[in-house]
Structures are given as structure tokens and as C-alpha cells.
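Residue numbers (our numbering): 36 to 549.
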């Protein structure tokens, strides 16, 4: 019987895991190596991985919040790091999580006990201010996330270490633009971080070059009429139209045609970034797009297309991160090559007892925060005995099948609605659309045609929240609240929306019968 659970990390995933354990009647102890909560969202002056000052959340507040704790209605739709951190503090205080967290405590090792095949227990060694302590836990939740160790492939860039006389560093070290005014800066990479930094630099640097070895789609945070893009696109209706809407399935011609209206190019892959300013910076020349770097000389960068840029002062490598679990015993650690080696990206399938869960090691087409919470709810349910996993052999067979994916060595990206709905079904909290339609048509239309917010996973099952229905029906009001300076009459817009929803539903039923 699982009672005591070790939660490693007090960032987004760790806070959710701690709260989910408490919901299931478990006894979590959360170990956080720093002095405060927040993880990435708390800017650090040390080498700890954290965000930079200018960062704005890529997913909107309604699509990012914990499922039973909406953001304050006066918060803007997209959040600065300080507002996001404030929300996490409010969440921790509201659910009284701080008393379950041990700060400045590093987990040194997590090892199976000798009787693990029977008990499923773990020996956990922690260190606080130089003093080590041993514990026995019934289960462990690893909540250290994707961003752990900087990936800095200097060997792939000849001359950077031996010839180049300028400054170079990983984007981990970047916090603001103050030190780069008037300099010629080369940013290597084409992810969200690389493009954010390049745009930041374009306001103060003499010149900014953005080196990319692949292509990507560019999304805006804003959809038509200024609404948050993720609230407009991430709906169950849209997902139904696109079929399963996995990463490969998203590449339907009509989807790519739609995306090309914002920033057209010939690539058919579905890597994407979110940045409104980058297209204009490229068109205005404040950022110059370059191919992959071939080599560096003392002061210049030579690119694979044969071009050269002289007098480079700074090179910033936004080349991502590697994840690692050095505290796990070798037999467990060696099998964790990526999230594809975990059953549903959560459970190591080879363990005799399912008492270890990895939370938040995932990339989604929507908010990872929502994904991490639903993972934590499922894992806590498994630990408490309320949810059952398939036999180990079946889980291992599915994981082995996933390894055939050419991208299996990387942290895979999944469709937001497909993945969270699947995990919610395992946790017993996925809404039943037919039942909703029969018992509460207004809510059913909002759930199916409206944004797939996390509140939907609090309508039923364990952890049901009485405020979920109201949160869903008022989510657009919270989007508009910070923008309204005067009161307007609602008119018949809500009724028109309902009739439109019923019409769409009839069309879907018609096509399903053909």
C-alpha cells in the first residue's frame, strides 16, 4: 500500500504532483534543491536553468492554468515570468503545499530497496546544507522536467574553441540585452528561445544573425479578431476534423495552407515556433537569416551556403537541453533514453512495481503545464490503487513499438488534446460527450466547440471540482476582462453561438452516418 511519496522538484510539475498526491490521501514530501518554488519561471543568477527577463508565455492563461485554479481574471492572456510565478505562489498557498516542501534539499540517490519486487519501495538519500539523510518511500515522482543540462555541441562548430576570439555561451546564460548594445550577434538555433533572443537583440545590437540548419513554421499568439490562438485552435471539434491529429497527421494540405497565410514556405514538416515579431524583423533586415555554420575563424562565421559574416562579437548557442536523472540507480536510469521509453511518457515499463513516475517530460502542441498535471493525477491514482496499469509485458511491447519511430531518441511532441484526453481516460476523468449532450447541452457545446481548457477534466471522476462548469462557461469573459474599459450589452451573441454550435454538431452527425 503506497502512502509516502517522494516528489523531486518544486517547479510546475512538482507542485502539481504534490497537490495530486494530497488529493488521493497520500503523504508527499517534495524536495527542492533551491530556496523557493517556481522552477524555470523563477529567474536565477546562478547556473540553475531559468527563463530570461523578456519572456512571455506561449500559451494563454486559460489554456495553461491548473484544472481547479483559474488565473485571476485581471491577468492578461499571455504572461510575463513575474505574473506566472505569482500565480504559482497563489496556487501553492491556496492548497497549502509549502508545508510539504523541503527547500535547499538535493536528492542524491534513488534506489530500489532489496525487497522492491514485493514492496515497490525506494531508498532515497537527500542532502541539506552538507548533511545527508536517508528515507524510505513507497513511491517516487520525478518532476525535473525537460530543461536540465545545456546541450552545447561545440564539436559540431570547428574553430569556435580554437580560433574564435569573441564571446560564446549557451542561451542558459542569457537573461537580458544590457551587455549586447552595439554588438554584432550570431544566434545559433531556430527554436522559441533562439528566436526570442534574436528579436530581443535586434532592438539594441548593431546586427543580429540567426543561423538555422532546418526550417520551421511561425505561429502568432493571436488568432483572428485578436483572440488567443490556442483557445481558437485547440478545440475538440478541430481535433475531430483532423482525425487523431498526431504530429504526422497534422500535416494535411488544408492545415499547411492555413498556416501559410501567416508565413508561407515550402517545408512540410511541423516544427513550429511562436513569435509575432520575427517575421517583421526578417523583412526589415534587423535580423538576417543564415544557413548552418560551417566553421568559425578569429572574428567571422563561415556558413554552409558559402557566405561569411565578419566581425562577430558574440555567439549564443540556443541548442536546447538534455535531460538526465543522475540520482536514479543505473538499472533504471539507463533505460530512460527519452520519453518514448516510458509507458505513455510517465511509467518505466520494466519495473516489477509501478511506483516510479516521471512527470512533465513531454512536449505538447499546447500547454505542458496542463499535460504535467493530468500525468500527476493519473500517477497519484495509480499509487493510491484507484487506477490500474496494464501488465508490464503489454507496456513494454507498446514502448518497443514506439522505438521504431525515427524520432524516438528525442523528447517527442504530442498533440495537446489527443494526449491529455488519453491520460484523462486512464485517470477516469475524461468528460463523456454524449452524457453531457443529454444532460447539459449548453456545457456540451462549450466543451466540444470551445477551447479544450483543463477545467474539462474536473467535470467528472475523482477530484471533481464544483466550479468546473462555471469556469468553462466564463472562460471567454476572463480573456476579455483585462481589455474592457466600458460595459457593453451582450445582445444575442451567446444565443447565436449556441445555434451555430448545434448546426455544426448536426453536420458532424450527418457525416458520421455517411
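Glycine residues also receive a C-beta, built at the ideal position from the N, C-alpha and C atoms. These numbers come from a predicted model, not from an experiment.
query                                                                                                                                                                                    : result
Residue range of the alpha helix (DSSP H) that residue 235 falls in?                                                                                                                     : 227-237
State the DSSP-derived secondary structure class of residue 357, mapped to helix, strand or coil.                                                                                        : strand
Give me the residue from 378, 420 and 370 with the minimum Cα distance to residue 428.                                                                                                   : 378
Could you tell me the boundaries of the alpha helix (DSSP H) in which residue 56 lies?                                                                                                   : 47-58
Kindly list the residues whose CB is nearer than 6 Å to the CB of residue 496, restricted to its own chain and excluding five residues on each side of it in sequence; keep chain order. : 463 and 464
Excluding sequence positions up to five away, which residues of its chain have a Cβ less than 6 Å from the Cβ of residue 494?                                                            : 466 and 503
Rank 475, 518 and 339 by C-alpha distance to the C-alpha of residue 508 and give the top, closest one.                                                                                   : 475
Measuring only the C-alpha atoms, how far is residue 367 from residue 374?                                                                                                               : 13 Å
Looking at the secondary structure, which residues open and close the alpha helix (DSSP H) in which residue 69 lies?                                                                     : Run containing residue 69: none; DSSP gives neither H nor E here.
Bridge partners of residue 344, per DSSP?                                                                                                                                                : 336
Would you grab the beta carbon distance between residue 52 and residue 394 for me? Rounded to a whole angstrom, and I think it's under 8 Å.                                              : 5 Å
Using the Cα positions of residue 564 and residue 424, report the straight-line distance between them to the nearest angstrom.                                                           : With the chain covering only 36 through 549, there is no way to say anything about residue 564.
Report yes if the C-beta distance between residue 372 and residue 447 is below 8 Å; otherwise report no.                                                                                 : no
Please name the residue, chosen from 95, 130 and 137, that lies closest to residue 119 on a Cα-to-Cα basis.                                                                              : 95
Are the beta-carbon atoms of residue 382 and residue 430 separated by less than 8 Å?                                                                                                     : yes
So the beta strand (DSSP E) residue 162 belongs to, where does it begin and stop?                                                                                                        : 157-163
Over what stretch of residues does the beta strand (DSSP E) that includes residue 167 continue unbroken?                                                                                 : 166-172
Keeping to the same chain, check which residues put their C-beta closer than 6 Å to that of residue 500; ignore five residues upstream and five downstream.                              : 103 and 493
Find out if the Cβ-Cβ distance for the pair residue 351, residue 343 is shorter than 8 Å.                                                                                                : no
Check each candidate in 74, 169, 91 and 210 and name the one with the smallest Cα separation from residue 353.                                                                           : 210
Throw me the rounded Cβ distance for the residue 75 and residue 46 pair, which I believe falls under 8 Å.                                                                                : 6 Å
Jot down the residue ranges of each uninterrupted beta strand (DSSP E) in the stretch 177-211, minimum 3 residues, whole runs only, in chain order.                                      : 202-205
Would DSSP call residue 115 helix, strand or coil?                                                                                                                                       : strand
Within a Cβ cutoff of 6 Å, which residues of the same chain sit near residue 105, ignoring the five residues on either side of it in sequence?                                           : 506
Go ahead and pull the three-state DSSP assignment for residue 453.                                                                                                                       : helix
If we count Cβ pairs, one from each stretch, closer than 8 Å, do we get three or more for the stretch 191-202 versus the stretch 311-331?                                                : yes
Taking only the alpha-carbon atoms, compute the straight-line gap between residue 545 and residue 251 and give it to the nearest angstrom.                                               : Caution applies to residue 545, whose pLDDT of 46 falls short of 50 and renders its modelled position unreliable; the value that the coordinates give is listed next. One C-alpha to the other measures close to 37 Å.
When the Cα atoms are used, what is the spatial distance from residue 174 to residue 221?                                                                                                : 46 Å
Report the residue from 349, 469 and 318 whose alpha carbon sits nearest the alpha carbon of residue 195.                                                                                : 349
With a 10 Å radius around its C-beta and 16 neighbouring C-beta atoms as the bar for buried, classify residue 101 as buried or exposed.                                                  : buried
Provide the residue span of the alpha helix (DSSP H) that contains residue 507, from first to last.                                                                                      : 503-508
Which of helix, strand or coil does DSSP assign to residue 294?                                                                                                                          : Below a pLDDT of 50, predicted positions are generally treated as unreliable, and residue 294, at 49, falls in that range; the measurement from the model is reported next regardless. Looking at residue 294 - three-state DSSP - the assignment turns out to be helix.
Could I get the ranges of all uninterrupted beta strand (DSSP E) runs contained in the stretch 92-154, with 3 residues as the minimum, in chain order?                                   : 140-147
Who are the Cβ neighbours of residue 60 in its own chain at under 8 Å, not counting the five residues just before and after it?                                                          : 419
Could you please give me the residues that DSSP links to residue 42 through a beta bridge?                                                                                               : 65 and 176
Between the stretch 234-249 and the stretch 475-492, can you find at least three pairs of beta-carbon atoms closer than 8 Å?                                                             : no
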